[in-house]
Amino acid sequence: MTDLCRRVVLTGAGGRIGSAIMPLLPACWDVQRTDLEADQGIGALDVTDRDACPAAFTGADAVVHLAAVPDPAASWERLLPANVVGTTTSPGPQGTAVSAVWCWPVVCTPSLLDPITPRSGPVTRRAPANLYGATKAWAEALGWWVAATTSTSVVALRIGYFAAQRPSAETVPAREMSAWLSPRDAAELVRAAVVAEGLHFEVANGISANRHRFADL
Ligand SMILES: NC(=O)c1ccc[n+]([C@@H]2O[C@H](COP(=O)([O-])OP(=O)(O)OC[C@H]3O[C@@H](n4cnc5c(N)ncnc54)[C@H](O)[C@@H]3O)[C@@H](O)[C@H]2O)c1
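Numbered according to our numbering, the sequence shown spans residues 15 to 231.
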């Protein structure tokens, strides 16, 4: 195994991003693809299963956690299992969402120069856009805590608008166009997050170098 080869478990591998990045990941990676239901080359793993997940992740260098309900209009009942419970079982690079952007971490780093105020907290500067975004904000909070209290490092990837092809103004609003993340850049983002050395907790925006950018690079 060279220093770039990794054993990786991919959750939500049957979804849009998982299936698109799979052929673009380094050829030497040993990727175990998992999703709710088994399919060709994909093993069944429900990320809410607190017994199956530790067993599935044992021996992996990284878990690329893409399993989620990515619907901005989803109800709490739909979001709770995969986005909240499932994230507690899946440490590793996380697919979060730009709708979760907010200041970080205020409450965990009090100091005399920057004392905690009633406005301190995860939604002070950029509030989650919806309940889905709130579950992603929570996932980042969890990731920070996991990275601070265990030997697992966490990279939260704030994915913008993933699409196989560059979107056009005829099909999507300008906001989505400026947040486009291409399959190639999504795979590169995951690769970089997995092989990065010396990280504890990091947040990275997941958008391509679009002419007008919704988030910085
Ligand atoms: N597609 C985008 O534009 C976009 C934007 C921002 C963030 N994201 C995030 O990126 C990640 C992947 O998104 P996607 O577009 O591939 O979503 P997707 O819906 O296409 O795929 C998600 C996969 O997760 C699986 N899944 C759901 N619940 C599960 C469970 N309990 N156990 C195991 N698997 C489960 C689904 O079966 C599905 O295959 C998600 O975290 C999503 O919130 C995506």
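Built from N, CA and C at the ideal position, the CB exists for glycine as well.
N-terminal and C-terminal residue of the alpha helix (DSSP H) that residue 5 is part of: The structure shown does not extend to residue 5, since the chain spans only 15 to 231, so no value can be given for it.
Beta carbon of residue 48 nearer than 8 Å to that of residue 27: yes
Cutoff 6 Å; reference residue 144; Cβ partners in own chain excluding five residues on either side: 86
Inter-residue Cα distance where the pair is residue 184 and residue 191: 10 Å
Distance between residue 196 and residue 179 (C-alpha atoms, nearest Å): A straight-line Cα-Cα distance of about 7 Å links residue 179 and residue 196.
Proximity below 8 Å, CB of residue 23 to CB of residue 77: yes
Short Cβ contact (8 Å threshold) for residue 67 with residue 59: yes
Neighbourhood of residue 175 by C-beta distance below 6 Å, restricted to the same chain and skipping five residues each side: Cβ contact annotation for residue 175 (same chain, cutoff 6 Å, sequence separation greater than five): 190, 193, 194, in chain order.
Residue 60 Cβ short of 7 Å to ligand 1 heavy atom set: yes
Between the CA atoms of residue 91 and residue 39 - distance to the nearest angstrom: 33 Å
8 Å Cβ cutoff met for residue 213 and residue 167: Taking 8 Å as the cut-off, the Cβ atoms of residue 213 and residue 167 count as close.
Proximity of residue 172 and residue 88 at Cβ, strictly below 8 Å: no
Strand pairing of residue 49, partner residues [DSSP]: Answer by DSSP bridge pairing, in chain order: 58.
Distance between residue 30 and residue 116 (C-alpha atoms, nearest Å): Confidence is the limiting factor: at residue 116 the pLDDT is only 34, short of 50, which leaves the residue's position unreliable, though a coordinate-based value still follows. Distance between the alpha carbons of residue 116 and residue 30: 26 Å.
Alpha carbon of residue 263 to alpha carbon of residue 206, nearest angstrom: This structure gives no information on residue 263, because the portion of the chain shown stretches from 15 to 231.
Start and end residues, beta strand (DSSP E) containing residue 25: 21–25
Beta carbon of residue 35 nearer than 8 Å to that of residue 186: No, Cβ-Cβ distance for residue 35 and residue 186 is not below 8 Å.
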